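Engineer: In terms of our numbering, the sequence shown opens at residue 1 and continues consecutively. The structure that follows is given in the form of structure tokens.
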Amino acid sequence: MPVTPLDILQKQFGPARRGGYEPAEVHAFLDQVREALEASLREGLKLREALIERDREVGGLKAESGDIKEALILARRLALDMEQNARREADLVVGEARLEAEHILSSTRDEERVLQEHLMRLRTSRVHHLAQMRAFLDAQRRILDELERE
Numbered sequence: 001m002p003v004t005p006l007d008i009l010q011k012q013f014g015p016a017r018r019g020g021y022e023p024a025e026v027h028a029f030l031d032q033v034r035e036a037l038e039a040s041l042r043e044g045l046k047l048r049e050a051l052i053e054r055d056r057e058v059g060g061l062k063a064e065s066g067d068i069k070e071a072l073i074l075a076r077r078l079a080l081d082m083e084q085n086a087r088r089e090a091d092l093v094v095g096e097a098r099l100e101a102e103h104i105l106s107s108t109r110d111e112e113r114v115l116q117e118h119l120m121r122l123r124t125s126r127v128h129h130l131a132q133m134r135a136f137l138d139a140q141r142r143i144l145d146e147l148e149r150e
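This is the structure we're talking about:
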């Protein structure tokens, strides 16, 4: 089943776990994809309408000479070329969207790695500070014990 611009517009994602993607970026990207798909669909519709119109014109002129038949052949070639060009453009848009998605994913992974490293440093620092506080409190307890014995 083909994806429609409405499908893209209404797409909902579950909540992110441990990092995930920036919702605004995802929505912006989905808007870009939806707009590109809508443009491609409009262009495809225009091409189909142009082809249908040419076929109607040719049907009305069938009684005429071979020049009209050649015009029909040329019109069909043109429509095929236009359709192929539209498909190539759509493939380019999809390819660019994939590259952008890969870039976003790569950036997100890099950011996650940096955040994980930062978290590890914070945990190490916490352990160190707790050990220092424990040593300080032990020293204070020994002083209090010493004072109580006097």
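Note that beta-carbon positions come from the ideal geometry of N, C-alpha and C, so glycine has one too. Here the structure is a predicted model, which is why all the values come from computation and not from measurement.
Between Leu30 and the rest of its own chain, which residues show a CB-CB distance below 7 Å, the 5 nearest in sequence each way excluded?
Structural biologist: Ile8 and Lys11, listed in sequence order.
Engineer: Mind checking whether Ile73 and Glu25 have CB atoms under 8 Å apart?
Structural biologist: Cβ distance not < 8 Å, so Ile73 and Glu25 don't count as in contact.
Engineer: Looking at Gly44 and Ala79, is the spacing between their C-beta atoms short of 8 Å?
Structural biologist: no
Engineer: For the alpha helix (DSSP H) that Pro5 lies in, which residues bound it at each end?
Structural biologist: Pro5 to Gln10
Engineer: Go through its chain and collect everything with a Cβ distance to Val3's Cβ below 8 Å, but skip five positions before and after it.
Structural biologist: Leu37
Engineer: So, are the CB atoms of Leu47 and Met82 less than 8 Å apart?
Structural biologist: yes
Engineer: Are Ala90 and Val33 close, meaning C-beta to C-beta below 8 Å?
Structural biologist: no
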